[in-house]
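Participant:
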Amino acid sequence: MADTSRMTLPLLQAAQAQKHVTVNEGLMRLDGLVNLVLVSRQISLPPATVLDGECYGVPVGAANAWAGQGGKVAIGANGGWVFATPQVGWRAFILAEGRSALHDGTDWVAGALTMSAHGAGLLTGVVETDHVLLPGATSTTLPIIPAGAMVIGVSGRVVDAITGTLTSWQLGNAGAPDRFGSGLGVDAESWVRGMLSQPMTYWAPEPLVLTATGGDFAAGTVRLAVHYLEISLPAM
Numbered sequence: 296m297a298d299t300s301r302m303t304l305p306l307l308q309a310a311q312a313q314k315h316v317t318v319n320e321g322l323m324r325l326d327g328l329v330n331l332v333l334v335s336r337q338i339s340l341p342p343a344t345v346l347d348g349e350c351y352g353v354p355v356g357a358a359n360a361w362a363g364q365g366g367k368v369a370i371g372a373n374g375g376w377v378f379a380t381p382q383v384g385w386r387a388f389i390l391a392e393g394r395s396a397l398h399d400g401t402d403w404v405a406g407a408l409t410m411s412a413h414g415a416g417l418l419t420g421v422v423e424t425d426h427v428l429l430p431g432a433t434s435t436t437l438p439i440i441p442a443g444a445m446v447i448g449v450s451g452r453v454v455d456a457i458t459g460t461l462t463s464w465q466l467g468n469a470g471a472p473d474r475f476g477s478g479l480g481v482d483a484e485s486w487v488r489g490m491l492s493q494p495m496t497y498w499a500p501e502p503l504v505l506t507a508t509g510g511d512f513a514a515g516t517v518r519l520a521v522h523y524l525e526i527s528l529p530a531m
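To convert, take the position in the sequence shown, counting from 1, and add 295; that gives our numbering.
Right under this line is the structure:
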């Protein structure tokens with residue numbers, strides 16, 4: 296056997312010359328795979344500069360040095376790449392998506408907390424956006440709540456101070472303007488942590504609505520994050 300079965304680490308062979316090469320390759324693989332962090336799983340072209348230990352999930356159809364390696368983990372090593380095939384149960388943190396993922400034997404399932412034998416699971420998610428306020432009494436985001444999401448709450452931070460004639464503001468949805476908070480501050484670094492006592496499921500994409508209290512918005516930026524749960528279906 297030339298490699299280990301789980302992480303394909305190269306094994307030393309009897310009377311092998313230059314043993315340090317094999318040992319170093321194994322250490323480079325371990326450096327990338329232990330506490331695995333994937334920069335992205337969507338990039339099809341490898342970066343021009345290879346950083347030792349930096350890892351990517353290689354998508355199907357990747358090119359250049361990643362050609363033919365779809366589905367594998369690319370690990371930067373000595374200016375090039377070595378590859379490992381992820382197995383069922385491997386976990387990784389995906390930097391580009393800001394959440395952990397669990398491998399189901401075929402692909403990375405972002406946000407998965409649990410997974411049945413046939414792929415059903417409980418998933419967590421967070422969607423974040425910087426919402427720029429326009430003049431008016433209300434300001435509506437894009438539909439950032441995903442369809443089928445059970446929302447636990449919404450948090451936020453005023454990035455650029457909110458200006459206008461208002462004294463405070465509310466955060467909610469159409470028909471429930473203060474669902475996630477009211478009496479909220481307008482100064483930079485003011486925050487909202489709107490935890491729902493009863494989580495709410497949205498069956499269609501839904502925006503958030505910011506409502507000025509005591510006047511109107513003029514300008515400002517609020518960073519908003521929707522925290523939610525999803526369930527995935529079992530495979531056939």
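From the three backbone atoms N, C-alpha and C, an ideal C-beta is built for every residue, glycine too.
This one's a predicted model, so the numbers in the text were calculated from it and none came from an experiment.
1. In the DSSP assignment, find the alpha helix (DSSP H) that holds GLU251 and state where it starts and stops.
2. Output the residue ranges of the beta strand (DSSP E) runs that lie fully inside the region 357 to 391 and measure 3 residues or longer, sorted by chain position.
3. State the beta-bridge partners of MET531 as determined by DSSP.
4. From GLU349, LYS314, GLN313 and ASP402, pick the residue whose C-alpha is nearest to that of ASN330; which is it?
5. Considering only the alpha carbon of each residue, which of THR433, THR424 and ALA483 lies closest to ASN468?
6. Secondary structure at ALA469, three-state DSSP: helix, strand or coil?
7. Short of 6 Å in beta carbon distance, which residues of its chain neighbour VAL332, apart from the five on each side in sequence? Order them along the chain.
8. Would you call MET410 buried or exposed, if buried means 16 or more other Cβ atoms sit within 10 Å of its Cβ?
9. Is there contact between the region 334 to 348 and the region 309 to 319, where contact requires at least three CB pairs shorter than 8 Å?
10. Is the beta carbon of HIS398 closer than 9 Å to that of VAL446?
11. Label VAL504 either buried or exposed according to how many other C-beta atoms from any shown protein chain fall within 10 Å of its C-beta, with 16 as the threshold for buried.
12. Please classify TRP464 as buried or exposed, where buried requires at least 16 other C-beta atoms within 10 Å of its C-beta.
13. Would you call the region 421 to 435 and the region 496 to 512 touching, i.e. three or more CB-CB distances under 8 Å?
14. Could you give the distance in angstroms between the alpha-carbon of THR516 and the alpha-carbon of ASP482?
15. Leaving out five residues on either side along the sequence, give the residues of the same chain with a beta carbon under 6 Å from the beta carbon of MET495.
16. Whole beta strand (DSSP E) runs in the region 403 to 466 with 3 or more residues, listed along the chain?
17. To which residues does DSSP link LEU479 through a beta bridge?
Facilitator: Put simply:
1. Any property of residue 251 remains undetermined from this structure, which presents the chain solely from 296 to 531.
2. 368 to 372, 375 to 379 and 386 to 389
3. As a working mapping, residue 531 is identified with position 236 in the sequence shown. None, per the DSSP bridge assignment.
4. On the sequence shown, residue 330 is found 35 positions in, with the first residue counted as 1. Looking at the Cα atoms, GLU349 is the closest of the given residues.
5. Against the sequence shown, residue 468 aligns to sequence position 173. Measuring from the Cα of ASN468, the nearest candidate turns out to be THR433.
6. Working through the sequence shown from its first residue, we reach residue 469 at position 174. Residue state, collapsed to three classes: coil.
7. As a working note, residue 332 is residue 37 in the sequence shown. When the five nearest sequence neighbours on each side are left out, the beta carbons in the same chain lying within less than 6 Å of the beta carbon of VAL332 are those of PHE388, in order along the chain.
8. Mapped onto the sequence shown, residue 410 falls at position 115. That one is buried.
9. The region 334 to 348 and the region 309 to 319 do not touch, with fewer than 3 CB-CB distances between them shorter than 8 Å.
10. As a first step, residue 446 must be located in the sequence shown, where it is residue number 151. As a first step, residue 398 must be located in the sequence shown, where it is residue number 103. Cβ atoms of VAL446 and HIS398: not closer than 9 Å.
11. As a first step, residue 504 is located in the sequence shown; it is residue number 209 there, counting from the start. Here VAL504 is buried: its Cβ has 16 or more other Cβ atoms, across all protein chains shown, within 10 Å.
12. For the purposes of this step, residue 464 is taken as the residue at position 169 of the sequence shown. Buried.
13. yes
14. One-based indexing of the sequence shown puts residue 516 at position 221. One-based indexing of the sequence shown puts residue 482 at position 187. Distance between the alpha carbons of THR516 and ASP482 is about 11 Å.
15. What you label residue 495 is simply residue 200 of the sequence shown in a count that begins at 1. Excluding sequence neighbours, MET495 sits near VAL446.
16. 403 to 405, 416 to 427, 433 to 435 and 444 to 459
17. Translated into positions along the sequence shown, residue 479 becomes position 184. Per DSSP, TRP464.
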